[in-house]
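Quick notes on the structure that follows.
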Amino acid sequence: MAPVIKSAELPGKVVLPYVEQGDVSGVPVLFLHAIADSWHAFERLLPHLPGYIHAIALTQRGHGDASRPEVGYRPRDFAADLLVFMDILQLEAAVIIGGSSGGIIARRFAIDHPERTLGLVLLGSPFTLKDKPGPQELWNSIISKMTDPVDPRMVREFAEDTLAQPVPQDFLEMLVQENLKVPARVWKATFKGLMEDDSSEELNKIRAPTLIIWGDRDAFLPLSDQKALTEAISCSQFVVYPGGGHAFYWEEPVRVASDIVAFIEEIAD
324 MAPVIKSAEL
334 PGKVVLPYVE
344 QGDVSGVPVL
354 FLHAIADSWH
364 AFERLLPHLP
374 GYIHAIALTQ
384 RGHGDASRPE
394 VGYRPRDFAA
404 DLLVFMDILQ
414 LEAAVIIGGS
424 SGGIIARRFA
434 IDHPERTLGL
444 VLLGSPFTLK
454 DKPGPQELWN
464 SIISKMTDPV
474 DPRMVREFAE
484 DTLAQPVPQD
494 FLEMLVQENL
504 KVPARVWKAT
514 FKGLMEDDSS
524 EELNKIRAPT
534 LIIWGDRDAF
544 LPLSDQKALT
554 EAISCSQFVV
564 YPGGGHAFYW
574 EEPVRVASDI
584 VAFIEEIAD
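Just remember that our numbering sits 323 ahead of the position in the sequence shown, which is counted from 1.
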């Protein structure tokens with residue numbers, strides 16, 4: 324069944340587009356994209372989920388075709404949006420899946436709202452960006468200097484650097500175009516919020532079963548980062564994709580979908 328594109332209006336007239344597929348009485352599974360992406364980041368993965376899973380991928384504020392308010396781009400703000408979004412859709416609880424930096428938002432939600440979190444899946448998500456030289460260098464050299472219109476060459480290089488395996492060219496081009504919809508101020512505010520996030524100090528509060536997946540050719544996250552993440556979340560399991568890049572869920576959507584389904588079935592038993 325093809326996903327249906329819808330939208331939800333949050334307080335303050337913040338409109339979030341989302342796609343929804345599967346049995347609405349099935350296990351709710353919410354997908355959160357990374358900085359600059361949109362729901363399209365999961366476009367290759369969604370078709371491989373079975374119909375009995377109620378899958379929803381949303382575009383977060385400031386991104387894609389969502390509203391672009393002046394403020395509200397910290398992980399805590401995105402997580403608060405997710406809570407309201409779930410209330411609007413009348414979802415009591417869900418499995419929360421975050422790709423890359425979307426995982427920081429997902430785990431913030433799991434920390435703040437354990438009763439609404441059935442499970443947590445972190446796809447190439449960092450342990451922390453706070454006080455790390457790599458993100459600080461990226462901020463100093465590129466992100467902090469961004470202006471509108473955003474440089475397409477920079478965006479394309481940013482997307483390509485997340486890959487270790489080829490993906491369809493039209494899919495990559497679509498992602499680049501989605502990234503270019505994000506104003507420079509949203510890039511800056513979102514990245515700054517991620518760098519200042521201190522939720523790594525609260526990961527021991529997560530009680531939801533957690534699946535952590537990492538590609539061993541990730542150009543951004545070393546194995547030590549993922550080991551720290553796994554050790555901090557006591558109820559977690561860690562899976563390595565040999566040859567996978569940072570955005571392995573773009574590269575290997577069939578495998579990722581299969582592992583997500585197996586995880587959901589495991590925690591549902």
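Even for Gly, the Cβ is constructed at its ideal location relative to N, Cα and C.
Looking only at C-alpha atoms, which of the options sits nearest to residue i?
i, options, result
"His356", "Gly447, Gly335, Asp435, Ile328", "Gly447"
"Ile328", "Ile379, Pro398, Pro506", "Ile379"
"Asp471", "Leu452, Lys453, Lys504", "Lys504"
"Gln549", "Asp592, Gly426, Gly385, Thr440", "Gly426"
"Leu517", "Met477, His436, Pro458, Ser361", "Pro458"
"Ile465", "Asp360, Phe514, Asp592, Leu369", "Phe514"
Have a look at the DSSP bridge pairing and note the partners of residue i.
i, result
"Ile536", "Leu446, Val562"
"Pro340", "Ser330"
"Thr440", "Ala417"
"Ala380", "Val342, Phe354"
"Gly395", "Beta-bridge pairing links Gly395 to no other residue."
"Gly335", "The partner list for Gly335 (beta bridge, DSSP) is empty, contrary to what the question assumes."
"Gly422", "Leu446"
Take residue i and list the residues in its own chain whose beta-carbon comes closer than 8 Å to its own, dropping the five residues that flank it on each side.
i, result
"Ala331", "Val338, Leu339, Tyr341, Leu381, Phe408, Ile411, Leu412"
"Gly442", "Val418, Ile419, Ala531, Pro532, Thr533, Leu534, Phe586, Ile587, Ile590"
"Tyr564", "Ile536, Trp537, Gly538, Asp539, Phe571, Glu575, Arg578"
Looking only at its chain, what residues have a beta carbon closer than 6 Å to the beta carbon of residue i, apart from the 5 residues adjacent to it on each side?
i, result
"Glu401", "Glu is not the amino acid found at residue 401; the sequence shown has Phe there. So the list reads Gln383, Ile428, once near-sequence residues are dropped."
"Leu498", "Ala482"
"Leu526", "Ala555, Ile556"
"Leu353", "Ile379, Ala417, Ile419"
"Leu452", "Pro458, Leu517, Met518"
On the premise that residue j lies in contact with residue i, defined as a C-beta separation below 8 Å, what is that separation, rounded to the nearest angstrom?
i, j, result
"Val490", "Trp573", "5 Å"
"Ile358", "Ser424", "5 Å"
"His371", "Gly345", "With a Cβ gap of about 12 Å, His371 and Gly345 do not count as contacting."
"Arg431", "Pro398", "5 Å"
In chain order, what residues of the same chain have a beta carbon less than 7 Å from the beta carbon of residue i, not counting five sequence neighbours either side?
i, result
"Leu414", "Pro351"
"Ala551", "Phe450"
Are at least three pairs of beta-carbons, each pair with one atom in the stretch 477-491 and one in the stretch 556-565, less than 8 Å apart?
no
Is the stretch 539-557 close to the stretch 440-455, with three or more CB pairs under 8 Å?
yes
Quick check: the stretch 567-579 against the stretch 521-541, are at least 3 beta-carbon pairs closer than 8 Å?
yes
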